[in-house]
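Below: one structure, written as structure tokens.
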Amino acid sequence: MSALAPSPVISASALNLIFQTGDAPVQALKDIDLTVSRGEFVSFIGPSGCGKTTLLRVIADLETPTSGTISVNGMTPDEARRARAYGYVFQAAALYPWRTIEKNVALPLEVMDYPRAQQRERVAAFLDLVGLSGFGRKYPWQLSGGMQQRASIARALAFDPDLLLMDEPFGALDEIVRDHLNAELLKLWAKTKKTVIFVTHSIPEAVFLSTRIVVMSPRPGRIHEIIDCDLGPDRPLEIRETPEFLAIAHRVREGLRAGHSYE
Amino acid sequence: MATLNPPLAAPGSGVGRSVLRRLGESSALPILAVVAVLILVWYAGAVLLNWQTEGDRLVSAGAPYTGLDHVLATWSAKRPVLPAPHQIAVELWTSIATVRPTSPRSLLFHAWVTLSSTLVGFAIGTGLGILLAVGIVHSRVLDKSLMPWIIASQTVPILAVAPMVIVVLGNLQITGLLPKAVISTYLSFFPVTVGMLKGLRSPDVMHLDLMHTYSASRAQILGKLRLPAALPFLFASMKVAIAAALVGAIVAELPTGAVAGLGARLLAGSYYGQTAMIWAALVAASVMAGLLVWIVGRAEQIVLRRTGGRA
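Protein chains in written order, with the numbering used here: chain A, 1 to 263; chain B, 1 to 311.
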């Protein structure tokens, strides 16, 4: 690889994952080959059961593949996890209800033994980044669902991880809040230059956010197609009505349909 | 009908009505009604149960007596089978208000003796319960090896265990408060262990996965996730445990011929046929249990409110 090419953050080849369930083994992932470069925004899209969340969990070392190789920053997922490479955002905000918002954002910093002063600094900075300054003393239940998810993004970014892994983070929110947070997330991505892996089942969301879209199909979970999404860095919400956007959305929809048909 | 209405509509009755309404809304009325019914039933029970003995006494006294005399006699017997509520109230009053609290004749003195071993046993039991639960959550071996014994320990009747524990500890020159506290511990660690186990295992997968992605240590997961998540479970089980600890302390006083404590009071009452004394001790025990559970409940409110509870 030449020195100019972006170094891969994630490279997976021939990944398989088989869950041993009660009656029959279930192949959750089959022959996954994927390379993600630094600074990319890659979405996994597909119907439920296609393994998109499982693949994300394999990357995060929350599941162990049955066969195949995967490396993150040249390390195994386990080593990468120990090196604290992952900021993970779940489907639900998963804030600890007994902690205030600022204490929730400080949680990874406490676990990683950041000095007190630095904890305070980072909490303030990242709450500001997600637009939650002034809500630090509130408890999670006092915030709306969208605000809770923003707090959980601040928590994921607080320790400056290499990778931001997001598992349908806005799936439970209404469309208006979701649009708003999508726009915010793009700004955040531009500011922080993180590599983002984003799991979704919304086509417009995937097209709006991503630089590449991985279309997956179910039973067994596999990659059907990888679609480039070169809409450029500047994406106002109105971009969703442009022909370029609709063309990519159409390709994704076709891919999802084709992936579904040969079950 | 019309003649019945004026008293209700009379001036001033509005006040009485609003008091009634407030009672109804605050749910005090149903509670008071139940209490009133219970007291009536109790007085009736006293008549029935004391009828025979008081009848015999009146007959042997020789003087003529009416049915009303007989009924009144059942409510003021010296050694009633079932003392009437006012007799228990009098006994409570004389044994609390008319003697110094430090005197062995004071109910407060005996209550304190029982309370002290209850509290010591409850504290040890809660600590032990938490430790066991933490150990079991972190070790499959402990789960498999300890859990059956913990459950078995509670199937043995406490009345059978208490004398043995007291005798064994007595042989080791351990007497007084500690053996009773051991019985309280024996009864109170179990609900705490079970409740804490449930609580320590209550964090959902996402909360645990989150810690995993931070590569948090087991101690950090315990301190920052499992223990705080277990707090509501801990308080619920502590309410059960403190009542059980009180029962344990009283039971421990029974087989040992203890001279002090509510258990000793129960025993003395039954030796001398002083049923009012027994009932007074029982009332003291239940008031104490109610207070202890209430205190734990208050502590729960305060702690949970400080940790983000909505209450």
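Where a beta carbon is used, it is the ideal one built from N, C-alpha and C, also for glycine.
C-beta neighbour in chain B for residue i, strict 8 Å
i	result
P108 (chain A)	yes
V252 (chain A)	no
M112 (chain A)	yes
F170 (chain A)	no
F90 (chain A)	yes
A151 (chain A)	no
A60 (chain A)	yes
H260 (chain A)	no
K204 (chain A)	Sequence inspection shows Pro at residue 204 (chain A); the Lys mentioned does not correspond to that position. False, the Cβ-Cβ gap to chain B never drops below 8 Å.
P97 (chain A)	yes
R178 (chain A)	no
R122 (chain A)	no
A154 (chain A)	no
R81 (chain A)	yes
R84 (chain A)	yes
A94 (chain A)	yes
P8 (chain A)	no
Residue i - partner residues in DSSP beta bridges
i	result
T35 (chain A)	A:S11
F41 (chain A)	A:V196
E225 (chain A)	A:V215
I70 (chain A)	A:A12
L29 (chain A)	A:L17
G266 (chain A)	The first residue shown for chain A is 1 and the last is 263, placing residue 266 (chain A) beyond what the model contains.
M75 (chain A)	A:V72
Proximity test, Cβ basis, 8 Å: residue i and chain A
i	result
K224 (chain B)	yes
S237 (chain B)	no
G125 (chain B)	no
L210 (chain B)	yes
M196 (chain B)	no
S202 (chain B)	no
Q301 (chain B)	no
H207 (chain B)	yes
A230 (chain B)	no
A216 (chain B)	yes
G290 (chain B)	no
G129 (chain B)	no
G199 (chain B)	no
Q173 (chain B)	no
T307 (chain B)	yes
T193 (chain B)	no
Residue-chain proximity (residue i, chain C), Cβ-Cβ < 8 Å
i	result
F19 (chain A)	No chain C is part of this structure, whose protein chains are labelled A and B.
Residue i versus the options, residue with shortest Cα-Cα distance
i	options	result
P220 (chain A)	A:D31, A:S7 and A:E254	A:D31
A172 (chain A)	A:S202, A:I101, A:I227 and A:A247	A:S202
L188 (chain A)	A:E168, A:T200 and A:L157	A:L157
S144 (chain A)	A:V177, A:R137 and A:C229	A:V177
V137 (chain B)	B:P101, B:L231 and B:M196	B:M196
S7 (chain A)	A:S210, A:V36 and A:F245	A:V36
G248 (chain B)	B:L178, B:F109, B:D143 and B:A73	B:L178
S71 (chain A)	A:A12, A:N16, A:G51 and A:L55	A:A12
A397 (chain B)	A:L62, A:T64, A:D33 and A:Y96	The question about residue 397 (chain B) has no answer, for chain B in this structure spans 1 to 311.
D179 (chain A)	A:V215, A:V207, A:A154 and A:A94	A:V207
D167 (chain A)	A:Y88, A:V252, A:Q20 and A:S67	A:Y88
R122 (chain A)	A:L55, A:L34 and A:K103	A:K103
P203 (chain B)	B:L72, B:L115, B:V283 and B:L227	B:L227
A83 (chain A)	B:M206, B:A73 and B:A216	B:A216
L68 (chain B)	B:G55, B:P191 and B:K198	B:G55
T192 (chain A)	A:V58, A:L129, A:S133 and A:G51	A:L129
M75 (chain A)	A:T66, A:D61 and A:S67	A:D61
A46 (chain B)	B:V99, B:A289, B:P80 and B:P30	B:P80
V205 (chain B)	A:I197, A:R57, A:V199 and A:L246	A:R57
G223 (chain B)	A:L107, A:P236, A:P140 and A:L256	A:L107
Supposed close pair residue i, residue j - CB separation, criterion 8 Å
i	j	result
G121 (chain B)	I183 (chain B)	7 Å
A85 (chain A)	D162 (chain A)	4 Å
V245 (chain B)	L187 (chain B)	Correcting the residue identity first, residue 245 (chain B) is Ala in this sequence and not Val. Going by Cβ atoms, the distance from A245 (chain B) to L187 (chain B) rounds to 6 Å, so yes, they are a contact pair.
S95 (chain B)	L107 (chain B)	4 Å
T195 (chain A)	E79 (chain A)	Between E79 (chain A) and T195 (chain A) the Cβ distance is about 17 Å, and since that is not below 8 Å, they are no contact.
P47 (chain A)	P218 (chain A)	6 Å
I39 (chain B)	P85 (chain B)	6 Å
A252 (chain B)	G263 (chain B)	7 Å
A28 (chain A)	L17 (chain A)	5 Å
V111 (chain A)	Q220 (chain B)	5 Å
At what residue ranges does the stretch 244-300 of chain B contain a whole run of the alpha helix (DSSP H), taking only runs of 4 or more?
262-271
Unbroken stretches of the alpha helix (DSSP H), 4 residues or longer, contained in the stretch 154-199 of chain A
175-192
Restricting to runs no shorter than 4 residues, where is the alpha helix (DSSP H) found entirely within the stretch 151-181 of chain B?
158-171
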